[in-house]
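Report on the structure given below.
In the UniProt record's numbering, the protein residues as written are 1 to 179.
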């Protein structure tokens, strides 16, 4: 029991959205709640969950458990930003995530901000295009993060050295700076 509590304490959870729904019955209205929660360790692992219950705390607990089961590892550059720009889609939601220089901070809207804070990203610029539905925004953000790859992963996939991949990025930034 204590071992599980120690493992759970390493995670930071953020409540993104609570939805209240009403079912009309003979005696009046019965309320139910749906919660969207993002959980992360602030070191490159993040997950999201959705839970429904008659009371808010129970819905949040269910969502948190689901989020901890569905964790995703995201490679970060210098532990503070993304390696490259990436686009994610889900439903009508489309998000654009861009790597940013040190000191930029998290420039992102509500649901995406929660994902980046729990992930441990400190510098990122993100834009949501299309829907503002928090469920679709979070899912689109996770789709984008699944496509994020480190230079080591790219090099192993192409059968090259990491130095070849990183050198090409440095050359491109040097050419852009001289122009």
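The beta carbon of each residue, even a glycine, is placed where N, CA and C say it ideally should be.
For the pair residue 84 and residue 143, the CB atoms are not nearer than the 7 Å cut-off. Taking the CA atoms as reference points, residue 131 sits about 12 Å from residue 111. In the three-state reduction of the DSSP assignment, residue 149 falls in the coil class, being assigned neither a helical nor a strand state. Between the stretch 39-50 and the stretch 68-75, the count of C-beta pairs closer than 8 Å reaches three or more; the two stretches touch.
Collapsing the DSSP output to three states places residue 41 in coil.
Going by DSSP, residue 67 is part of the alpha helix (DSSP H) stretching over 56-69. When the beta-carbon positions are compared, residue 81 and residue 108 stay at least 7 Å from each other.
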